[in-house]
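**Q** In our numbering, the protein residues as written are 132 to 391.
So this is what it looks like as structure tokens:
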């Protein structure tokens with residue numbers, strides 16, 4: 132099971148940010164309520180003497196963890212875009228070679244490629260490396276079969292067959308990369324890490340400002356907003372093929388002719 136669920140990424144960005152902000156704010160509020168406990172309230176003056184270095188270190192560790200996580204997410208996003216464009220480009224090269232085919236053969240190959248594009252569109256929101264027997268894989272196999280069986284005779288046909296198979300191999304490799312990248316998202320352990328560090332930062336800031344209500348509210352509010360923005364940016368780019376900022380199937384669909 133993916134965490135968070137895919138349905139969250141299908142929401143509009145403002146709503147995603149609102150959900151993140153409310154969630155982080157709720158955690159901050161719970162920590163604030165700790166100050167109402169008698170023992171904690173009595174210790175407030177002593178907690179106010181907490182060294183600012185503790186807040187600085189907590190903030191630095193949280194910031195570094197988010198930086199590394201964001202860098203990994205953006206690298207995955209770049210790889211997803213490259214895989215899709217490579218797949219589409221290889222299909223376009225195939226189409227150029229197919230111009231040398233006779234009309235019946237060209238029409239047959241075109242239909243197979245369009246079928247592949249439609250199958251890709253159908254699997255886009257649920258891509259997985261475990262795709263054995265999927266419609267897109269079967270469509271790709273059908274194209275391989277047509278190239279191997281249909282261009283086996285004649286020197287010119289065999290040369291064309293070799294070129295088409297080379298491009299088809301590129302399509303297959305790019306597709307496997309795309310399927311692999313689709314499962315390369317922020318893991319539960321990574322979310323746990325940044326969540327715990329965020330809670331620690333909120334706790335330290337709250338307790339270090341315990342004797343000063345106004346300063347505490349302003350400081351915690353600023354930290355809540357900062358954490359929310361960071362988590363929102365990660366969520367917006369976490370799923371490389373799902374969501375507002377995700378890579379769409381449009382380049383592949385246009386290359387295959389499944390989309391005008």
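Every residue, glycine too, gets a C-beta built ideally from N, C-alpha and C.
Going by other Cβ atoms of all chains shown within 10 Å of its Cβ, with 16 needed for buried, is residue 276 buried or exposed?
**A** Working through the chain shown from its first residue, we reach residue 276 at position 145. Residue 276 is exposed by the Cβ-count criterion.
**Q** Does DSSP put residue 261 in a helix, a strand or coil?
**A** Translated into positions along the chain shown, residue 261 becomes position 130. Correct three-state label for residue 261: coil.
**Q** If we require 3 or more residues per run, which beta strand (DSSP E) segments fall completely within the stretch 305 to 354?
**A** As far as the stretch 305 to 354 is concerned, it has no whole beta strand (DSSP E) run of at least 3 residues.
**Q** From residue 290 to residue 231, what distance separates their C-alpha atoms?
**A** To locate residue 290, count along the chain shown from 1; it is residue 159. To locate residue 231, count along the chain shown from 1; it is residue 100. Between residue 290 and residue 231, the C-alpha separation is close to 11 Å.
**Q** Let me know if residue 263 comes out buried or exposed under the rule of 16 or more other beta-carbons within 10 Å of its beta-carbon.
**A** Along the chain shown, read from residue 1 onward, the residue named residue 263 stands at position 132. Per the 10 Å Cβ criterion, exposed.
**Q** Apart from the five residues just before and just after residue 373, which ones in its own chain have a Cβ nearer than 8 Å to its Cβ?
**A** Here residue 373 refers to the residue found at position 242 when the chain shown is read from its first residue. So the qualifying residues of the chain are 137, 140, 141, 256.
**Q** Take residue 215 and list the residues in its own chain whose beta-carbon comes closer than 7 Å to its own, dropping the five residues that flank it on each side.
**A** The residue given as residue 215 occupies position 84 in the chain shown. Contacts found: 309, 378, 382, 383.
**Q** Using 8 Å for Cβ pairs, my map puts residue 266 next to residue 313. What's the rounded Cβ distance?
**A** As a first step, residue 266 is located in the chain shown; it is residue number 135 there, counting from the start. As a first step, residue 313 is located in the chain shown; it is residue number 182 there, counting from the start. Not confirmed; about 16 Å, so no contact.
**Q** Please tell me whether residue 185 and residue 335 are closer than 9 Å, where the distance is taken between their beta carbons.
**A** Stepping through the chain shown from its first residue, residue 185 is reached at position 54. Stepping through the chain shown from its first residue, residue 335 is reached at position 204. Closer than 9 Å, so yes.
**Q** Here's a check: name, in chain order, each residue in its chain whose Cβ is nearer than 7 Å to the Cβ of residue 172, leaving out the five neighbours to either side.
**A** Taking the chain shown and counting its residues from 1, one reaches residue 172 at position 41. Excluding sequence neighbours, residue 172 sits near 166.
**Q** Taking 7 Å as the limit between beta carbons, can you name the residues of its chain near residue 210, skipping five residues before and five after?
**A** Stepping through the chain shown from its first residue, residue 210 is reached at position 79. The answer, listed in chain order, is 312.
**Q** Could you tell me the distance, in whole angstroms, from the CA atom of residue 283 to the CA atom of residue 259?
**A** Counting from 1 along the chain shown, the entry for residue 283 is found at position 152. Counting from 1 along the chain shown, the entry for residue 259 is found at position 128. Cα to Cα, the separation comes out at about 34 Å.
**Q** Using alpha carbons as the reference points, say which of 163, 146, 306, 345 lies closest to residue 220.
**A** Against the chain shown, residue 220 aligns to sequence position 89. Of the candidates 163, 146, 306, 345, the one whose C-alpha sits nearest the C-alpha of residue 220 is 306.
**Q** Please name the residue, chosen from 168, 227, 245, 339, that lies closest to residue 187 on a Cα-to-Cα basis.
**A** For the purposes of this step, residue 187 is identified with residue 56 of the chain shown, where counting begins at 1. Comparing Cα positions, the closest option is 339.
**Q** Mark residue 253 as exposed unless 16 or more other C-beta atoms lie within 10 angstroms of its C-beta, in which case mark it buried.
**A** Here residue 253 refers to the residue found at position 122 when the chain shown is read from its first residue. That one is exposed.
**Q** Pick from 368, 285, 286, 295: whose alpha carbon is nearest that of residue 278?
**A** For the purposes of this step, residue 278 is taken as the residue at position 147 of the chain shown. Residue 295 is the option with its Cα nearest to residue 278.
**Q** Among residues of its own chain, excluding the 5 on either side of residue 269, which ones have a beta-carbon nearer than 8 Å to its beta-carbon?
**A** Looking up residue 269 in the chain shown gives position 138. Here the set comprises 250.
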